[in-house]
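In our numbering, the protein residues as written are 33 to 270.
In what follows, a structure is listed as structure tokens, so that the remarks can point back to it.
This is how it looks when you write it as structure tokens:
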């Protein structure tokens with residue numbers, strides 16, 4: 033499937049990063065439980081391995097999300113989303129050179145969503161100096177348990193890299209096809225108590241597995257561009 037279709041599809045790179053993050057945080061045992069939950073056709077494709085440049089059924093990632101949530105809970109799922117995006121930006125440093133602060137990043141939310149998925153859309157409802165609110169609409173899997181948490185955590189990691197500190201986020205479902213992702217940083221008191229504290233969760237992430245580069249710091253020489261290879265169960269690189 034080299035071209036997107038009407039059913040929910042996800043770019044292979046996103047799926048590879050999600051699997052690598054799940055392995056790093058939860059081990060091979062979790063991935064075996066995930067594989068057991070796939071359909072026979074999905075399981076065969078998983079065993080063969082995914083390619084970064086292809087499109088895959090997004091239900092595969094939804095199954096991973098459900099497996100993590102069932103065995104480890106919501107906070108573990110949030111940590112997976114943070115590790116997923118840390119891995120991606122470590123392999124795509126050029127993206128961050130185009131971003132200048134959280135507000136500019138939030139303004140690009142719709143384009144980022146459309147790059148990774150072929151269904152659904154994002155609308156920015158609020159983009160302020162210490163808070164933001166984006167709404168995911170018309171995406172068939174948004175209402176599935178945990179899917180919004182994974183996406184919210186991945187987005188929060190980008191805000192963290194863009195300079196947001198004392199960062200918190202939460203997800204609220206308005207209906208099965210409308211999910212609200214709210215982020216707050218600095219001294220913004222509107223966050224309330226039902227939020228995830230991103231700074232502490234990022235600090236608690238384990239070091240990346242060998243071959244997973246972190247985002248380079250300002251002043252470091254540019255890293256050579258490279259595409260991640262395909263990933264297969266039991267491999268150490270994705």
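Note that the Cβ used here is the ideal one computed from N, Cα and C, for glycine as well.
Fair warning: this is a prediction, and the values are worked out from it, not measured in the lab.
Alpha carbon to alpha carbon, how far is residue i from residue j?
| i | j | result |
| --- | --- | --- |
| residue 87 | residue 229 | 32 Å |
| residue 188 | residue 39 | 27 Å |
| residue 143 | residue 53 | 24 Å |
| residue 44 | residue 149 | 10 Å |
| residue 235 | residue 146 | 29 Å |
| residue 160 | residue 95 | 34 Å |
| residue 200 | residue 50 | 21 Å |
| residue 227 | residue 80 | 38 Å |
| residue 233 | residue 194 | 16 Å |
| residue 106 | residue 218 | 24 Å |
| residue 157 | residue 75 | 39 Å |
| residue 216 | residue 141 | 16 Å |
| residue 238 | residue 57 | 8 Å |
| residue 186 | residue 116 | 7 Å |
| residue 247 | residue 240 | Model confidence at residue 247 stands at a pLDDT of 34, short of 50, so the residue's coordinates are unreliable; what they give is reported in the following sentence. Residue 247 and residue 240: Cα-Cα distance of roughly 11 Å. |
| residue 118 | residue 197 | 16 Å |
| residue 162 | residue 191 | 11 Å |
| residue 154 | residue 55 | 29 Å |
| residue 202 | residue 180 | 9 Å |
| residue 65 | residue 99 | 7 Å |
| residue 120 | residue 222 | 30 Å |
| residue 151 | residue 61 | 31 Å |
| residue 82 | residue 48 | 7 Å |
Between which two residues does the alpha helix (DSSP H) harbouring residue i extend?
| i | result |
| --- | --- |
| residue 211 | Segment 210-216 is the beta strand (DSSP E) holding residue 211; no alpha helix (DSSP H) there. |
| residue 78 | 72-80 |
| residue 142 | 141-148 |
| residue 231 | 230-235 |
| residue 220 | First-last for residue 220: undefined, no H or E at that position. |
| residue 181 | 179-193 |
According to the neighbour-count rule (16 or more other Cβ atoms, all chains shown, within 10 Å of its Cβ), is residue i buried or exposed?
| i | result |
| --- | --- |
| residue 90 | buried |
| residue 59 | exposed |
| residue 242 | exposed |
| residue 204 | exposed |
| residue 78 | buried |
| residue 134 | buried |
| residue 224 | exposed |
| residue 41 | buried |
| residue 73 | exposed |
| residue 103 | exposed |
| residue 183 | buried |
| residue 113 | buried |
| residue 263 | Model confidence at residue 263 stands at a pLDDT of 39, short of 50, so the residue's coordinates are unreliable; what they give is reported in the following sentence. Result: buried. |
| residue 139 | exposed |
| residue 97 | buried |
| residue 68 | exposed |
| residue 170 | exposed |
| residue 71 | exposed |
Mind checking who residue i pairs with in its DSSP beta bridge?
| i | result |
| --- | --- |
| residue 156 | 166 |
| residue 205 | 211 |
| residue 87 | 43 |
| residue 200 | 216, 229 |
Should the stretch 159-169 be regarded as contacting the stretch 78-86, the criterion being three or more beta carbon pairs within less than 8 Å? no
For the stretch 209-218 and the stretch 173-185, state whether three or more C-beta atom pairs, one from each stretch, are separated by less than 8 Å. yes
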